[in-house]
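Q:
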Amino acid sequence: MKLASARIRAALVYLGVTALVTAVVFVSVFFLWYPGPFFAAAGGFDLLKIIVTVDVTLGPIVVLVIYKPGKWGLRFDLVTLAVLQTCALLYGVHVLFEARPAYIAFVKDRFEIARANGFPAGELDKARDYASLPITGPKWVGVRLPTRPDESFKLLVSGLNGVDAQYYPVYYVPYDAVRGEVRAKAQAIELLRKRNPTRVAEIDKAVAATGKPEAAIGFIPLRSGKTDLSVIVDRASGDVLQVSPVKPWGPV
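Once you know that position 164 of the sequence shown is 164 in this note's numbering, the rest is easy, because the numbers rise by one and skip nothing.
#1: What is the C-beta distance between residue 133 and residue 165, in whole angstroms, given that I count them as a contact (C-beta under 8 Å)?
#2: Taking just the CA atoms, how far does residue 21 sit from residue 146?
#3: Determine whether the beta carbon atoms of residue 171 and residue 143 lie at a separation below 8 Å.
#4: Which of the three DSSP states is assigned to residue 107 in this structure?
#5: For residue 177, which residues of its own chain have a beta-carbon under 8 Å away from its beta-carbon, when the five flanking residues on both sides are left out?
#6: Compute the minimum distance between the beta carbon of residue 150 and the heavy atoms of the ligand NAP, and state whether it is under 7 Å.
#7: So for residue 69, helix, strand or coil by DSSP?
#8: Looking at the strands, I want to know which residues DSSP matches up with residue 130.
#9: Mapping DSSP to helix, strand and coil, what is residue 239?
#10: Take residue 82 and list the residues in its own chain whose beta-carbon comes closer than 7 Å to its own, dropping the five residues that flank it on each side.
#11: Check whether the segment 147 to 156 touches the segment 123 to 139, taking contact to mean three or more Cβ pairs, one atom from each stretch, closer than 8 Å.
#12: Is the beta carbon of residue 14 less than 8 Å from the beta carbon of residue 79?
#13: Can you tell me whether residue 115 is helix, strand or coil according to DSSP?
#14: Since residue 218 sits in a beta bridge, which residues does DSSP pair it with?
#15: Kindly indicate which three-state DSSP category residue 212 falls into: helix, strand or coil?
#16: Is it buried or exposed, residue 73, if we count other Cβ atoms within 10 angstroms and call 16 or more buried?
#17: Provide the residue(s) that pair with residue 140 in DSSP beta bridges, ordered along the chain.
#18: Would you mind stating whether residue 217 and residue 192 have Cβ atoms separated by less than 8 Å?
#19: Residue 149 lies in the alpha helix (DSSP H); which residues open and close that run?
#20: On the DSSP letters alone, give me the boundaries of the alpha helix (DSSP H) that residue 91 sits inside.
#21: Whole angstroms are fine: how far does the CA of residue 7 sit from the CA of residue 67?
#22: Work out the CA separation of residue 119 and residue 167 for me, nearest whole Å.
#23: Let's test the definition: count the other Cβ atoms within 10 Å of the Cβ of residue 28 and tell me whether it reaches 16, buried, or not, exposed.
#24: Under a three-way DSSP split, which group does residue 60 fall into?
#25: Are residue 42 and residue 224 touching if we call contact CB-CB under 8 Å?
#26: Just the Cα atoms here: how many angstroms apart are residue 46 and residue 92?
#27: For residue 96, collect the residues of the same chain with a Cβ closer than 8 Å to its Cβ; drop the 5 residues on either side in sequence, then sort them by chain order.
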């Protein structure tokens with residue numbers, strides 16, 4: 001009975017420590033690299049489930065099995081387990097860091113996410129102002145598509161291979177340079193409601209949170225990969241007001 005109680009206490013302590021460390025790490029990841037709805041849209045919760053299973057669930061179970069006060073080699077077992085779990089946690093953080101949204105680029109009539117690990121080799125070096133990838137959240141930029149036929153063809157071929165204009169920083173311009181296009185392409189919020197009839201209350205809440213009349217705002221689709229998002233913008237200034245998880249596409 002005493003052994004069982006000791007094992008349970010040890011497992012609970014281990015559970016508390018691992019849960020706290022995992023929570024601190026992922027809260028930091030959430031607010032720094034994947035703000036707002038980007039974490040869910042990027043599939044981050046799928047990786048989080050795996051890490052929680054390994055770090056927060058399996059670890060304490062192993063401790064429950066191996067823990068025995070006074071056991072020879074117990075310290076070595078616990079240290080080895082902690083090291084393995086730390087490696088698993090660091091690997092997960094590394095994957096999230098490499099796949100983080102670095103830039104959100106306005107291209108033609110929509111926003112596109114450019115992930116840190118998606119840029120072709122050498123392309124970042126061609127654009128001095130955008131060579132250093134942001135590490136405290138994505139930066140909003142615009143894209144000016146090339147006008148030369150050879151560059152346009154090269155970009156078309158690249159797009160067919162899955163690497164579109166947002167991954168070529170040489171075409172980036174400051175967001176201020178595309179505000180007029182953003183204002184022109186903003187769509188009515190009512191259209192967003194029609195495309196999301198089961199999320200009308202959520203959309204209404206987002207509109208109210210902007211503090212602006214509905215006629216003064218609009219939305220622009222944001223392609224993010226797993227789940228596309230809607231960017232709510234100010235029709236007068238082109239300012240990005242918020243990013244909503246409601247889908248921007250679909251039949252009217």
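We put the CB at the ideal spot given by N, CA and C, even for glycine.
The structure presented is a predicted model; accordingly, all values stated were derived computationally and were not measured.
A: Looking at the atomic coordinates:
#1: Not quite, the Cβ-Cβ distance comes to about 17 Å (not below 8 Å), so this is no contact.
#2: Between residue 146 and residue 21, the alpha-carbon positions lie close to 47 Å from each other.
#3: yes
#4: strand
#5: 142, 144
#6: The model depicted lacks the ligand NAP and carries no ligand whatsoever.
#7: coil
#8: For residue 130, which the question treats as bridged, DSSP gives no partner whatsoever.
#9: coil
#10: none
#11: Taking a contact to require three or more Cβ pairs closer than 8 Å, the segment 147 to 156 and the segment 123 to 139 do not qualify as touching.
#12: no
#13: Three-state result, residue 115: strand.
#14: Paired residues: 233.
#15: coil
#16: exposed
#17: As DSSP reads the structure, residue 140 sits in a beta bridge with 104.
#18: no
#19: 149 to 160
#20: 74 to 98
#21: Rounded to whole angstroms, the separation of the alpha carbons of residue 7 and residue 67 is 6 Å.
#22: The straight-line gap from Cα to Cα measures roughly 5 Å.
#23: exposed
#24: helix
#25: yes
#26: C-alpha separation (whole angstroms): 11 Å.
#27: 29, 33, 34, 44, 47
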